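Peer 1: First the structure, which I've put down as structure tokens, then a few questions once you've had a look.
Residue numbers (my numbering): 1302 to 1668.
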């Protein structure tokens, strides 16, 4: 049990390939009487015999390969560092996590979807599990935490490059969240005389994932040795869509953050698929967001927006909107009071630039 976990967490790594030394297997067998060749399997995965005996050892043995730098004021930081070895001792496949896959389903199901299906972040489907993680506490002991584990459905996509893209998106969103939380803290301080900052104010926290190499484990249906999965410090058993297609229950903090990210980037980036849950402190924890970046505007793009008025003019103008404008209007159907704090001129009878997008308003009808 615990002694096996300790030996696993302290196992030496061989040079070059990142897998544990095979001397580790014989050490465990001689010390514990446990043959870890059946749980930390390498070449003989297919040769394992079916048995009614529950498998021994961790469901997955992982080594952290990539953790992005993040701004603390907007992130729920991973407790793992590059090179750390962790063990997954329990995996839960939960219905409450199914909304995490909706983005990929929408992108694949319709050519009119506002999620770009040719994007690595929207076009590669992942499966998700709630995972109990055991890791060293740095003081000779162990600590447990619940995380969200993500694994690409297609084994060809279970590589570190795909996961780095997700981690870097999360880090980018955490940067926007830090700036948004600072803005919210200033408002709160002005109104109440308090002394909050981005880290102490109730706000948006992004669960930034760590990309991990798979060393082994008996959960080969999730991932196999040499492949990669991600872990995010998201302890909940369900996910709620907060900003997705525009018909969700209106959550002002999440909607204001979506608006702020577009405004702050001057329309160059849209933080899409804002999803997660509110924690016991009132913070909204966001997991697996995606950043949709606008393409450079060409002269042809500008000329294509000059459409005739009159019969059919409204429809033509709607069709002439850029993808960024369509996403903003669809996903942010109205503004709340928080939006007024950073974008007070969002309502206008004339077409002006708000949030970096040429539009008369930020989703609110009329001027």
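Cβ atoms here follow ideal geometry from the backbone N, Cα and C, with glycine treated the same way. Here the structure is a predicted model, which means the values were calculated and not measured.
1) Just verifying my parser: in three-state terms, what is the DSSP assignment at residue 1623?
2) So is residue 1422 buried or exposed if we call it buried at 16+ other beta carbons inside 10 Å?
3) What is the DSSP secondary structure of residue 1587, reduced to helix, strand or coil?
4) Do the segment 1463-1470 and the segment 1366-1380 make contact, defined as three or more Cβ pairs closer than 8 Å?
5) Who pairs with residue 1477 in a beta bridge, going by DSSP?
6) Evaluate contact between the segment 1451-1465 and the segment 1538-1551, counting only Cβ atoms and requiring at least three cross-stretch pairs below 8 Å.
7) For residue 1686, I'd like the list of residues in its chain whose CB is within less than 6 Å of its CB, leaving aside the five on either flank, ordered along the chain.
8) In terms of residues, what are the limits of the beta strand (DSSP E) holding residue 1452?
9) In chain order, what residues of the same chain have a beta carbon less than 6 Å from the beta carbon of residue 1593, not counting five sequence neighbours either side?
10) Could you compute how far the alpha carbon of residue 1472 sits from the alpha carbon of residue 1357?
11) Counting beta carbon pairs with one atom in the segment 1380-1391 and one in the segment 1404-1422, are three or more of them shorter than 8 Å?
12) Please tell me whether residue 1636 has its Cβ less than 7 Å away from any Cβ of chain B.
13) Take every Cβ of the segment 1512-1520, pair it with every Cβ of the segment 1393-1406, and state whether three or more of those distances are shorter than 8 Å.
14) Since residue 1523 contacts residue 1588 with CB under 8 Å, what's their CB separation in whole angstroms?
15) Under 6 Å from any heavy atom of the ligand NAD, does the C-beta of residue 1639 make it?
16) Do residue 1377 and residue 1534 have their beta-carbon atoms positioned less than 7 Å apart in this structure?
17) Per DSSP, what are the beta-bridge partners of residue 1514 in this structure?
Peer 2: This is what the structure gives:
1) coil
2) In the assembly as shown, residue 1422 is a buried residue. Its beta-carbon has 16 or more other beta-carbons within 10 Å.
3) strand
4) yes
5) Paired residue(s): none; residue 1477 is not in a bridge.
6) no
7) Past the edges of the chain, shown from 1302 to 1668, lies residue 1686, and the structure says nothing about it.
8) 1443-1453
9) 1571, 1573
10) 36 Å
11) no
12) Judged by its chain identifiers, the structure shown contains no chain B, having just a single protein chain.
13) no
14) Residue 1588 and residue 1523 do not touch by the CB rule: their CB atoms are close to 18 Å apart, not below 8 Å.
15) Here there are no bound small molecules, and the ligand NAD is not part of this structure.
16) yes
17) Paired residue(s): 1364, 1529.
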